[in-house]
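One structure is given here, and the rest of the page talks about it.
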Amino acid sequence: MENHPLIRKIYLYGFALLGLVLLVIGSVGFVNMGLKAFVFTQADEYQRQTSKQFPYPACGIEKYTTSKTPLVLTEEEKATLVNFLADYKNWKDAPQIDYVTSQRHQDAAMNLALILIGLPLYLYHWIVIKRENK
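If you count the sequence shown from 1, position 32 lands on 31 in my numbering, and the numbers rise without skipping.
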């Protein structure tokens, strides 16, 4: 590489910059998580509410609830209703997962990985740059 100092310099500065960018992205992600958890506590409330909804039946029930005539179901509608009741029972019996906490754990893992890769990448290349400039 002594024959091509410009290429070496571009390589070192490029990878130092890449490491710094990864470090900044990971740090910003952690700050974002901290702000959502402690300052803007309602920021994830929509996601928390939508994860608690139970499954809806495939067919609309409006035509049965607004009608004054006796309820008569076809075999297909009965099968759909049985499937819906089974899905509802499974949903109710399943362990309730807090999707917001799960998403925060995924974000924390990603941010930590970015920092763990970016920090050594940046430090190594920056130390080499400093050593060559002396």
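Think of the CB as a built atom: it goes at the ideal place given N, C-alpha and C, for glycine as much as any other residue.
Exposure label - residue i; buried when at least 16 CB within 10 Å
i	result
His-124	buried
Tyr-12	exposed
Gly-33	exposed
Ala-78	exposed
Ala-42	exposed
Ala-107	exposed
Close Cβ partners of residue i (< 8 Å) along its chain, the five nearest in sequence each way excluded
i	result
Gln-46	Tyr-98, Val-99, Gln-102
Leu-22	Leu-113, Ile-114, Gly-117, Leu-118, Tyr-121
Straight-line gap, residue i to residue j (C-alpha atoms, nearest Å)
i	j	result
Ala-85	Ala-36	36 Å
Leu-80	Trp-90	15 Å
Ala-112	Val-30	15 Å
Met-109	Pro-94	25 Å
Glu-105	Leu-19	A quick correction: the sequence has Gln, not Glu, at residue 105. Those two C-alpha atoms are separated by around 22 Å.
Where residue i sits in the DSSP three-state scheme
i	result
Lys-35	helix
Gln-16	Going by the sequence as given, residue 16 is Leu instead of Gln. In this structure, Leu-16 counts as helix in the three-state DSSP scheme.
Val-27	helix
Val-71	coil
Asp-97	coil
Ala-42	coil
Lys-133	coil
Asn-2	coil
Chain-order list of residues whose beta-carbon lies under 6 Å from that of residue i (same chain, five-residue window excluded)
i	result
Ile-128	Leu-11
Ala-15	Tyr-121, His-124, Trp-125
Ile-6	none
Own chain, CB closer than 7 Å to residue i, minus 5 neighbours either side, in chain order
i	result
Phe-39	none
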